[in-house]
Structures are given as C-alpha cells and as structure tokens.
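>
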Amino acid sequence: MCGIIGHAGKGENIVPKCLQKLEYRGYDSAGIAALNSSGIEVSKGVGTVDEAVEAPQGSAAIGHTRWATHGGVTQTNAHPHTDPDGRVAVVHNGIIDNHSDLREEVGEGRFESETDTEVIPHLLAQHLKEGLDPRAAAEEVTDRLEGSYAAVALLEGGQMVAFKQGAPLAVARNQDEHFFSSDVVPLLEHVNEAAFLQDGDIAILDSDLRVFNQGREVERDSQEIQWEGGSATRGDFDHFTRKEIGEQPETIKRATFQDEESLTEAAGMLEKARTVWITGCGTSSYAADHMRDYLAPEVDARSIQSHELEYRTDEVGDDDAVVAVSQSGETKDLLAALEGIEAPVLSFLNVAQSSLERRSDHTIHINAGPEVGVASTKAYTAQLTAMKTVAAELKDQEQVLESLRSTAEKAERLVKASESLAEKLHGALKGEDAYFVGRYQRFHSAKEASLKLKELSYIHSEAFPAGEFKHGTLALVEEGTPVVGFVDEETADETLSNLEEASSRGAEIIGVGPKDRDVYDLHVPIPEDPNREMLEVIPFQMLALKTALDRGNDPDRPRNLAKSVTVK
Ligand code: G6P
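This is the structure we're talking about:
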C-alpha cells in the first residue's frame, strides 16, 4: 500500500518514472516534491502519476503513489506533505497509530490534510527549527511515532532522511545517484544491487548515505537484484496481466528448479513438525489450501488465512512449523500473525529480500519474476509448483518433477486456447452475479477463479463447496444465473448432482474439467493432468482480463485494491 521513492543525483524525470513502477502498490493519487533553487516544490493530485503530477525538477526529489487509509482521496490528502513553512516534505507508507495525539500536540489548526502522515513533517520541522541536526531530529520524531512506517523526508537544506519501522524501504546507489524505494522493481534499470533498511534504521543522505540504528552507525549490505532490467516492463503487451498470464508455462517450469539442499531443508522442517500451519492472504491463501492437501496425510497440516491465524497464535506450539505464503513478502496481516509465533517459519516467496524473507528461517523462492498486475496470476501457479516440489521431496516422489514440467507444456497450449474460451465464458457470464463451486481440491481452484473475476470485473462472485449450495445459496439461483462447477473424477458424482440441482432451477451451468457432461451448458475443457490445479485457473484469469477490458476497467489496477497490502 502506497509506494515511495527518493532520488538524489543526476538524471531527469527519474522519480515519475520510478513512481509509475510502484503504482501497483496504490494508485488513488500521486505526488512529487523536488528541491530546486527556489526551495521545495510540490506537485500532487488525484489519479495516476501521469494524471496527477506535473513533475517538478530538482537535484533531489521524493515521490509517492497512494492507497488511501486515513483521509479521502483528495489532492490535499495526497503526499508529499509539508510543514507549514514548506521546509520539509515527507512521503510515507504505513499507518501512524498515534497520529491523533500527535496532531493535538502540534495544534489541530496547523494541519491541512486529514492524513496520519502530516504529523511527520510538522514534528521534523519543529526539531530542525530547535537546532537539531537531521539525524537527531529524526531520532526525536521516530521516538514519538507508533505504528508502521517507511518514510522519506526531503529537507530544504538538500539532505534526505529516511526511517522505517514495519514497512519496507530499499536503498541503492550507482555512480551518480542514490535511491530510496519501497521495493526493487523501480530500481531495476538503474542499479544491480540494493540493501533493505531494518526496523529502527534512520538513513541520512547528504553527500553520502549513512545508516544509524539506536544511535550507532550500521552497515546494511547490498545484495544483487535477481530480476533482470526489462522484466518489469510491459513489452508489446497491452497490459501486465496479459503478459503475466502468458508467462505461466515458463514460470511453472522455473518454479521446479530448486536447489537440492534448500529442498531438503524445507522438507525436513515440515517432516519434524508436530503440526504445520500454512498461512497467507488472498490468492496466496488458496495456494496454502492446496499445499495442505499436498502434505496430507503424511503431515498434519492446516491452512488458515493470516488475519485469522493472528487470533490463534497461542495454539501454535514451538515444535510446530509455519509455512508463510506470499508473493510480495510484505503483507501486513501475514507479518503480524508471525509476530506472536516461536515455531520455525518456512516461506514461499516471490520478492527476494522482503520483510518475510528476513522473518523466515528458510525460504523457497518461487522464481516467477516481477508480478505487476494487482491480481495475482503467475505467482499463484508458481507457488503451487514450488509447494508441490517441496511436498514431493518430503514424500520421495521423484516422478512429480517430471510431471510438473509436462504440466508447464500443457499450460502453454491452454494459455493459447484461453483466448477463445474466455470469449465463450464471457458470453455465459452475462449478469451481475456468478457462483463458483467445487469439492475438496476443486473447491480451492473455484475460490481462486472466483476471486480473479471479482477483482478485475467487479462482478459479484462467490465460491463455496458444491455440497453447501443446497444449504443456502441455491435460494439465489434464478433463470440464467451462471454457476461454474470444477469437476474431477474423485468428486464427480456429488458435484454433478449439485450442478443438476442448480440447473433444474434455471442456472446456466459451466463445467470445468477434462470431460463434457450432460448437465453443462458450456464446457471448459482442461487436460487430464496430475497437476490440474495449475491449469484450471488459466481460462478464468483470461476471462477476468477480458471482462475487465470489456467493462472499461483497468485490469492491472483494479479499483480499491493494491498489490502489496502493508496495512491491516
Ligand atoms: C492483496 C492482493 C492480492 C494478493 C494478496 C496477498 O490483497 O490484491 O492479489 O493475493 O494481497 O498478497 P501476497 O503478496 O501476500 O501474496
């Protein structure tokens, strides 16, 4: 939520370009503050970076792309925020929990916006006015802040001050420039390595960057950025989401390439655990559901969404293990749940060096490359693949790797076929409601397919176990209501009965699976495959994209959502 950038040095228009690459973190509004000969100049507004900002130029600049938490989506609430004299400008990602108390202290009348952030420039400016140097002023301010923050301040004197607690902030440099950034994606074209600040760090950028923690100067080692320069660009594609759907044959294959020692360690952690708690949010939580089934029955595993796990951490024993699943590694609900847990943490992660990697005892990288589309596509199928690879290691199922690579080939054919499948599905999903059902593993896929549709098309869509239909939702079925059923051999008899029950009440039945069945009005053929869960969502990813475009929605940036949810 919210992306922040700081840049000092040569190079024109760096901040707006970098900011655009962070828009997946929030795109309600945007703003830039730059330092030039007349002082700090701020340009901000509602909308995307392109719409909202007339990029001010300067030797040092900060920028922000917002996902509103405190205060509506208005130009005044957009960042950067400044002190009343315009001597300090601040961009912030996170939430200052005690902002009301701090506002009262500063004096309510002095604030322009409704945001929690605005207290930061006010307090910083006060301390600088008292004569403190930037580092001492930042120490005073961070002592007072409660909550989570990654913040970069641009000072009238030309220095930049950054501090972080809970939210991510990377620092990087090349010969001519210094950067601060919420993640490495905007930096790919500028640097080869980056370091991540740690909680409590205060970074001061003057002629050089120095980092302090608890009053002492510290080193934060840079690590090579694994992603290639062009990998976060759209290329010839109209949207990132289309590009990322199309990358899945490659990313599924890539996720199987895991270091043998790393696999052994991961499998060992799961094997010796009394109970394995698998957790994530959104799409990652549906991958977690699948993983539970990959591990059972050898391992006692439970899948639970992170915001719910937070209330059960006292049930997690020290001899259990937690599997944390996240594309970004920054999801606050997940990181918060892990706070109360002593058990070892194994993570499945796409973004290296993220907060989750630092919190984990061991990490399996799913190697999907940057995923920019807000609704997760390739990261999901890569998560499933990496999880299945670990489960195969644990169960000594050598043939699984081979089968996953052959699934990747089938994915290639399915991606191609999905264009026309999506067209047919689009014709069938005419109304404002859709229901997705399945049993056992097919239910997990139904949830993910439904989520994709909801996220990108804004059509009301619900997923539930097929057996649950007659216990309530059947009352909502009318003539033509679309019901999508995920059917496999194991669950066919019962799921088909449930679909019959809906069909006889007028539902339009869309069946997903290898075989066409009498009850289907439309069949979405999925090849027979032991890793079918990686294939059966693909037509629905494409459907979601198509429906979004048809309705004039931006599929890469669905309304109200953000890719990296760093607030609870
Ligand atoms: C947000 C995104 C979802 C994503 C979820 C979990 O809600 O909009 O697409 O599935 O966060 O994100 P993570 O990075 O932890 O996988």
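Its first residue numbered 751, the sequence shown is counted upward by one per residue in our numbering. Quick reminder that beta carbons are idealized off the backbone N, C-alpha and C, glycines included.
Keeping to the same chain, check which residues put their C-beta closer than 6 Å to that of A1199; ignore five residues upstream and five downstream.
Hits under 6 Å: F1186, V1287, F1290.
> At a cut-off of 6 Å, would you count S788 as near the ligand G6P, judging by its Cβ distance to the nearest heavy atom?
Not so, every heavy atom of the ligand G6P lies at least 6 Å from the Cβ.
> In whole angstroms, what is the alpha-carbon distance linking E974 and K767?
Each residue's alpha carbon lies about 22 Å from the other.
> Quick one: complete beta strand (DSSP E) runs, 3+ long, within the segment 1187-1228?
Taking only runs of at least 3 residues, the beta strand (DSSP E) segments lying wholly in the segment 1187-1228 are 1210-1215.
> Would you mind stating whether M1284 and I1002 have Cβ atoms separated by less than 7 Å?
Yes.
> State yes or no: is the C-beta of C752 nearer than 6 Å to some heavy atom of the ligand G6P?
Checking every heavy atom of the ligand G6P against the Cβ of C752, none is found closer than 6 Å.
> From the DSSP output, read off the bridge partner residues of N963.
For N963, which the question treats as bridged, DSSP gives the partners D951, R966.
> Relative to the ligand G6P, is the shortest distance from any of its heavy atoms to the C-beta of T983 smaller than 6 Å?
No; taking the cut-off as 6 Å, the Cβ of T983 has no heavy atom of the ligand G6P nearer than that.
> Using the Cβ count rule (16 or more neighbours within 10 Å means buried), how would you classify E1143?
Classification of E1143: buried, given that the 10 Å Cβ count is 16 or more.
> In chain order, what residues place their C-beta within less than 7 Å of a heavy atom belonging to the ligand G6P?
The filter returns G1030, C1031, G1032, T1033, S1034, V1075, S1076, Q1077, S1078, G1079, E1080, T1081, L1084, V1124, A1125, S1126, A1129, E1205, L1311, A1312, K1313, S1314, V1315, in chain order.
> Can you find the residues in the same chain that come closer than 6 Å, C-beta to C-beta, to N1100, ignoring five residues on each side of it along the sequence?
These residues qualify, in order along the chain: Q1077, I1116, A1118, A1129.
> I believe G1235 touches T1223 by the beta-carbon criterion, under 8 Å. Please report the beta-carbon distance rounded to the nearest angstrom.
About 13 Å; that fails the 8 Å criterion.
> For A1086, I'd like the list of residues in its chain whose CB is within less than 7 Å of its CB, leaving aside the five on either flank, ordered along the chain.
Excluding sequence neighbours, A1086 sits near E1060, K1318.
> Going along the chain, which unbroken runs of the beta strand (DSSP E) with 3 or more residues stay wholly within the segment 1049-1110?
If we require 3 residues or more, the beta strand (DSSP E) runs fully inside the segment 1049-1110 come out as 1051-1055, 1071-1076, 1095-1099.
> Can you tell me whether Q1103 is buried or exposed, with buried defined as 16 or more other CB within 10 angstroms of its CB?
Q1103 should be labelled buried.
> In or out: H831 buried (at least 16 other Cβ within 10 Å) or exposed?
That one is buried.
> On the criterion of 16 or more Cβ atoms from any shown chain inside 10 Å, does D893 qualify as buried, or is it exposed?
So D893 counts as exposed.
> To the nearest whole angstrom, what separates the beta carbons of T991 and L1295, a pair I think is in contact under 8 Å?
Confirmed, Cβ separation roughly 5 Å.
> G797 and E864: beta carbons closer than 7 Å?
Taking 7 Å as the Cβ cut-off, G797 and E864 do not qualify as a contacting pair.
> Rounded to the nearest angstrom, how far is the Cβ of T1006 from that of L1154, given a contact under 8 Å?
That belief holds up - the Cβ atoms of T1006 and L1154 are roughly 5 Å apart, short of 8 Å.
> What are the start and end residues of each continuous beta strand (DSSP E) run of 3 or more residues lying completely inside the segment 857-916, in chain order?
DSSP runs (the beta strand (DSSP E)) wholly in the segment 857-916: 897-905, 910-915.
> Return the first residue and the last residue of the beta strand (DSSP E) that H1112 is part of.
From DSSP, the beta strand (DSSP E) with H1112 extends over 1112-1115.
> Taking the beta strand (DSSP E) that K794 belongs to, which residues open and close that run?
Unbroken beta strand (DSSP E) run through K794: 789-796.
> Distance check for V911 and R1309, CA to CA, integer angstroms please.
So the two alpha carbons sit approximately 32 Å from each other.
> Thinking C-beta only, is L905 closer than 7 Å to L947?
Their beta carbons are not under 7 Å apart, which means L947 does not touch L905 by this criterion.
> When the distance is taken between beta carbons, is V968 closer than 7 Å to W1329?
With the chain covering only 751 through 1318, there is no way to say anything about residue 1329.
> Indicate the three-state DSSP secondary structure (helix, strand or coil) for V1262 in the structure shown.
Three-state DSSP puts V1262 in a strand.
> Residues bridged to H928 by DSSP?
According to DSSP, which records beta bridges pairwise, H928 is partnered with A758, R923.
> Reducing DSSP to helix, strand and coil, say where Q973 ends up.
Reduced to three states, the DSSP call for Q973 is strand.
> If you compare alpha carbons, which of H842, F929, S1247 is closest to V941?
Nearest of H842, F929, S1247 to V941, Cα basis: F929.
> Quick one: what does DSSP say V1274 is sitting in, helix, strand or coil?
Reduced to three states, the DSSP call for V1274 is strand.
> Can you list, in chain order, the residues of its chain whose CB lies under 6 Å from that of D988, leaving out five sequence neighbours each side?
Within the same chain, D988 has no close Cβ partners at all.
> Give the single residue among V902, S779, A810, V803 whose Cα lies nearest to the Cα of G789.
Taking only the C-alpha atoms, the option nearest G789 is A810.
> Bridge partners for D1183 per DSSP, in chain order?
BP columns for D1183 point to H1210.
> Per the DSSP calculation, V841 is bridged to which residue(s)?
Answer is V902.
> I'd like to check one pair, T815 with G897: are the Cβ atoms closer than 7 Å?
It is not a contact, given that the beta carbons lie outside the stated cut-off.
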